[in-house]
Amino acid sequence: MLKRIKIISLIFIFSSCSETGIETYTAYSPTPSPLNIPQIFASTILPPIQSIDNPQTEEGVQLGRKLFFDTILSVDDSQSCASCHSPENAFTDTDRFSEGIDGILGNRNSMPLFNMAWNYDNKFFWDGRSFGLEKQALEPVIDPIEMHNTWSNAVLSLQNDLEYPQLFFDAFGTLVIDSLLVTKAISQFERTLISSNSRFDKHLLGEITLTASELNGFNVFMDETKGDCFHCHGSQNNPLWTDNNFHNNGLDATFLDLGLGIITGDPNDNGKFKSPSLRNLKFTAPFMHDGRFASLDDVINHYSEGLINSLTIDPLMKSVNDGGVQLSATDKIDLKAFLLSLSDDEFINNPDFQAPN
Amino acid sequence: MIPFKKLVLIVLLVSFLGCDDNENTIIDPITTIGTITVDFNHYWGSEKITSADFNTTTFTNENNDIQTISKLKYLISNLTLHKANGESLKLNDYYLVDLAGLNSNTSITVSDVPVGNYSSVSFTFGFNEADNIEGAYLDLNSASWNWPAMLGGGYHFMQFEGKYGTTGTENPYAYHMGTARVSTDVFEQNFFDVSINGFIMGEETSTEIKMDISEWFKNPYTWDLSVYSTPLMTNYDAQLLMNQNGQSVFSLGVVN
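Heads up: the sequence lines are chains A and B, in that order. Position 166, counted from 1, in the first sequence is what numbering that gives the first Met the number 0 calls 165; the numbers after and before it change by one each time, with no gaps. Position 91, counted from 1, in the second sequence is what numbering that gives the first Met the number 0 calls 90; the numbers after and before it change by one each time, with no gaps.
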C-alpha cells in the first residue's frame, strides 16, 4: 500500500511540474464562440449537444470552414467536402450518387448538413455508423470512393502549407497538426450550420402568414388518417423535422443496402435508414438514401400509393396493404406546398457558410 | 502545522484504509432515508418481455390473433408513494418508459426517500389535464412525443406497435393512446390513475412495477385487431377501450 501512495504522490509532483511547463508555452487565446441557439429551438427542444473536449471558438470555426472548402484534403487536390456538400444545396449535392475523386460512384445519396448539433443520439450517416461529428469527419478523407487520401498524407500537406500551421496554432495552441485537430475544426464549423429561418419558422414566430394551401398541407402532415408524417418527421414542437431515428419507410421488398442492419447485425434492422430532416427539401433533391426519387412529387406518390411491404417495414407505414395513405390530388399539392415552406433561403445564402475568400 | 505533502499522504492513507474497511460499515441507527429503484418490467401473462423479443417473439392475444411487438413506449406521471396515515411523497413528475434496445428507459432511482411502510403506489398513465400542456416539455418534444393539436394536443400516453396475422400477410397495428377526440374541436380527457400495492421501504429498496401487456387486449374488452389496428388516434371508441383495458395492466411485482 505504501508503494501505491508513493506512486500517487509522484504523480502529484509530476502533474504539478507539467502544469508549469504548459504555462510557459501558452501564448494563444482563442475566442469562445458558443452556438447561437435560435429562439424557435430554445422554446421547443433540448439544447444542442456540446462537445466537451472541442469547445466552439471563432478561430476553430474559421479554420474548419477553410478546411471544409479546401481540396487539400483529397489525394489529388481535386475534391473538398463541399464538392458533395455544397451550400447552395443545403450542403448536399444534386447527384444521385456522388462521384469520388477517382470517378467512382458511391451507393448512397449525399446528405444535407444542418442542425447536426441537435442530433441528440449523435449517430451520423444514413445507417448511423459514426458516433459524433468528429468521428464522422475521419471517414470521407480516407474513403476510397470519396477523397481517397491517407490521413498521414493529408496532415503532411497541411503541415507543409504556408498558412495552416499558424491557423491550427490560433485555434488549438499547437503548430503540430494531426487528424484529430482537423476533424475538430471541421466539426466546429459544421455545428454552426444552423437552419431556422424557413417560412414555417417565421409563421411560428408570428412574423408571416402561410397560404391556405401550406396550412392545409400541414394538416395533411399531422393527420393520422391522411399523411401521418409527424411520428417520424417532427412537428411544430420538434422543428428539427426529424426524429433522427431509423425506420424502413417501405421502399423495397428486399434490400440491396441493409442500412442500419449492416451496423447492428440484427436482421430486424435491415432496410432501416435515418429519417432525414424535411427542412430545405427545395435544395436537396434527389431524395432517399439512394437518391431514387428525383422530385418531391415522387416522394409524396411513394407514401400515397407506392409503399412496398417487407419484413422490417415500420408499422407506421400503416396503409402498406393498400399501397399507401391514398392522398387526394389537392392534399398532395398542399402537402408539397407545406413541405417547401420548411425550406430556408437565408440558410443557403448565409455569407458565413460560403467558401472563404 | 503539518506540512502539506504529509497532509496529502495522511488523507490518502485514510481513504485507502477506508476502502479496506467495507465489511465493518456501521449502520447508523438514526438513518431514516433510503434509495429506491423502481423498475418497469413487462410481461405477457407470466412471461417476461424485453426488447430482445421485439419483432421475433409471437404472442397470442385474447382474441386468438397472433401478434409481434416492435415498439412499446409510454408516459407515466406523478409517481407517488402513500402512507396509511395519508402522507404521500411524489417521486417524480413524469417519465417516458421505453423498451427499445440501446436507449431503453425502464428504471427510476430516487434517493432521500424516508424508510418505512408505504401502503400504496400511485401514478397517472399519461398526463392529467393540468399537466398535459401542449409543447410544454422540451425533452418530450425532442423525443417527438407530441399528440397532434387537431386531436386535443399535449402528448402521447403510449405508442405500442407491431404486426398481427400470419407471416407474409401481416398487418401493422399502432396502438397509440392520448386525448380522445369526440368530434371536431371537442375532446375528452383519456388518462387514468393507477394505484397498486405498497411495500416496506428500507435503505436500499428495489421495486418492480409490472405491466402485463396481454391485459391491453383482454379486460374488459376482448381487443379485435381486425377492427382496431390503425388509425386509432383519431378513433374515439378505440381510445375509450384503451382506457378501460389499461386499468388492469399494472401491478406491484418483486420488492427487495
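Idealized CB from N, CA, C, for every residue including glycine.
Checklist line | Separation of residue 141 of chain B from residue 230 of chain A, as counted between CA atoms | finding: In this structure, the alpha-carbon of residue 230 of chain A lies about 12 angstroms from that of residue 141 of chain B.
Margin query: Is there a Cβ of chain A sitting closer than 8 angstroms to that of residue 137 of chain B, yes or no?
Written below: By this cut-off, residue 137 of chain B is an interface position.
Check: beta strand (DSSP E) containing residue 173 of chain B: first to last residue?
Finding: Looking at the DSSP string, the run of the beta strand (DSSP E) that includes residue 173 of chain B is 170-176.
Margin query: Out of A:128, A:80 and A:187, which one is the CA nearest neighbour of residue 264 of chain A?
Written below: The residue among A:128, A:80 and A:187 with its C-alpha nearest the C-alpha of residue 264 of chain A is A:128.
Notebook entry, point to check: By Cβ distance below 8 angstroms, which residues in the same chain neighbour residue 22 of chain A in space, the five residues on each side in sequence not counted?
Noted result: Only weak support is given to the placement of residue 22 of chain A: the predicted model assigns it a pLDDT of 42, under 50, and the question is left unresolved by the model.
Notebook entry, point to check: Rounded to the nearest angstrom, how far is the Cβ of residue 217 of chain B from that of residue 157 of chain B, given a contact under 8 angstroms?
Noted result: The Cβ separation is near 16 angstroms, so there is no contact.
Next item on the list: Under 8 angstroms by Cβ, that's how I've got residue 130 of chain B and residue 76 of chain B pegged, so tell me the actual separation to the nearest angstrom.
Entry: Correct: roughly 6 angstroms between the Cβ atoms.
Margin query: So residue 173 of chain B contacts chain C; which residues on that side make the cut at Cβ distance below 7 angstroms?
Written below: Absent here is chain C; the protein component of the structure consists of chains A and B.
Item checked: Cross-strand partners of residue 181 of chain B (DSSP beta bridge) -> In the DSSP output, where bridge partners are listed per residue, residue 181 of chain B has none listed.
Margin query: Is it buried or exposed, residue 203 of chain B, if we count other Cβ atoms within 10 angstroms and call 16 or more buried?
Written below: By the 10 Å Cβ count, residue 203 of chain B comes out exposed.
Margin query: Between residue 44 of chain A and chain B, is the shortest Cβ-Cβ distance under 8 angstroms, so that the two count as touching?
Written below: Yes, its Cβ sits closer than 8 angstroms to a Cβ of chain B.
Next item on the list: Find the residues of chain B that neighbour residue 242 of chain A, judging by a C-beta separation of less than 7 angstroms, and give them in chain order.
Entry: Correct list: 143.
Notebook entry, point to check: By DSSP, does residue 304 of chain A sit in helix, in strand, or in coil?
Noted result: In the structure shown, residue 304 of chain A adopts helical secondary structure according to DSSP, grouped into three states.
Item checked: Short Cβ contact (8 angstroms threshold) for residue 56 of chain B with residue 67 of chain B -> Result yes, Cβ atoms of residue 56 of chain B and residue 67 of chain B sit closer than 8 angstroms.
Margin query: Once DSSP output is grouped into helix, strand and coil, what is the label at residue 67 of chain B?
Written below: Residue 67 of chain B falls in the strand class under three-state DSSP.
Item checked: Local conformation of residue 210 of chain B per DSSP, three classes -> Of the three classes helix, strand and coil, the one that applies to residue 210 of chain B here is strand, per DSSP.
Margin query: In this structure, how does DSSP classify residue 52 of chain A when only helix, strand and coil are distinguished?
Written below: Correct three-state label for residue 52 of chain A: coil.
Check: Going along the chain, which residues of the segment 146-172 of chain B sit with their C-beta nearer than 7 angstroms to a C-beta in chain A?
Finding: Interface annotation for the segment 146-172 of chain B against chain A: 147, 149, 160, 161, 162, 170, 171 and 172, criterion Cβ-Cβ distance under 7 angstroms.
Check: With 16 as the cutoff for other CB atoms within 10 Å, does residue 356 of chain A come out buried or exposed?
Finding: Looking at its Cβ environment, which holds fewer than 16 other Cβ atoms inside 10 Å, residue 356 of chain A is exposed.
Notebook entry, point to check: Where does residue 102 of chain A land, buried or exposed, given buried means 16+ other C-beta within 10 angstroms?
Noted result: With fewer than 16 other Cβ atoms within 10 Å, it is exposed.
Next item on the list: Spatial neighbours of residue 224 of chain B within its chain, please: CB distance less than 6 angstroms, with the 5 preceding and 5 following residues excluded, ordered by chain position.
Entry: The answer, listed in chain order, is 64, 163 and 172.
Margin query: In this structure, how does DSSP classify residue 145 of chain B when only helix, strand and coil are distinguished?
Written below: In the three-state scheme derived from DSSP, where H, G and I count as helix and E and B as strand, residue 145 of chain B is classed as strand.
Notebook entry, point to check: Looking at the unbroken beta strand (DSSP E) that takes in residue 158 of chain B, where does it start and where does it end?
Noted result: Residues 157-163.
Check: What is the DSSP secondary structure of residue 63 of chain A, counted as helix, strand or coil?
Finding: It is helical.
Checklist line | Best match in A:201, A:122, A:196 and A:317 for proximity to residue 349 of chain A [C-alpha to C-alpha] | finding: Per the Cα distances, A:196.
Next item on the list: Using a Cβ-Cβ cut-off of 8 angstroms, state whether residue 232 of chain B counts as contacting chain A.
Entry: Yes, residue 232 of chain B lies at the interface with chain A (some Cβ there is under 8 angstroms from its Cβ).
Note to self: So if DSSP puts residue 43 of chain B in a beta bridge, which residue, or which two residues, is it bridged to?
What the structure shows: Its beta-bridge partners are B:46.
Notebook entry, point to check: For residue 132 of chain B, which of helix, strand or coil comes out of DSSP?
Noted result: Three-state result, residue 132 of chain B: coil.
Note to self: I'd like to know whether the C-beta of residue 230 of chain A is nearer than 8 angstroms to at least one C-beta of chain B.
What the structure shows: At least one chain B Cβ lies under 8 angstroms of residue 230 of chain A.
Note to self: Using only the alpha-carbon positions, how far apart do residue 176 of chain A and residue 62 of chain A sit?
What the structure shows: When rounded, the distance between both Cα atoms is 12 angstroms.
Notebook entry, point to check: So, residue 148 of chain B versus residue 128 of chain B, is the Cβ gap smaller than 8 angstroms?
Noted result: Taking C-beta atoms as the reference points, residue 148 of chain B and residue 128 of chain B fail to come closer than 8 angstroms.
Notebook entry, point to check: On the premise that residue 89 of chain A lies in contact with residue 279 of chain A, defined as a C-beta separation below 8 angstroms, what is that separation, rounded to the nearest angstrom?
Noted result: Under the criterion of beta carbons closer than 8 angstroms, residue 279 of chain A and residue 89 of chain A qualify as touching, at roughly 4 angstroms.
Item checked: Inter-residue CB distance, residue 201 of chain B and residue 81 of chain B (contact presumed, cutoff 8 angstroms) -> The pair is not a contact, with the Cβ atoms about 17 angstroms apart (cut-off 8 angstroms).
Notebook entry, point to check: Under a CB-based cut-off of 8 angstroms, is residue 224 of chain A close to chain B?
Noted result: Under the 8 angstroms criterion on CB atoms, residue 224 of chain A is classed as interfacial with respect to chain B.
Next item on the list: Identify, in the order they occur along the chain, each residue of the same chain with its Cβ nearer than 6 angstroms to the Cβ of residue 217 of chain A, setting aside the five sequence neighbours on each side.
Entry: Cβ neighbours of residue 217 of chain A beyond the five flanking positions: 337.
Notebook entry, point to check: Using a beta-carbon distance below 8 angstroms, is residue 305 of chain A in contact with chain B?
Noted result: Residue 305 of chain A is outside the set of residues whose beta carbon lies under 8 angstroms from a beta carbon in chain B.
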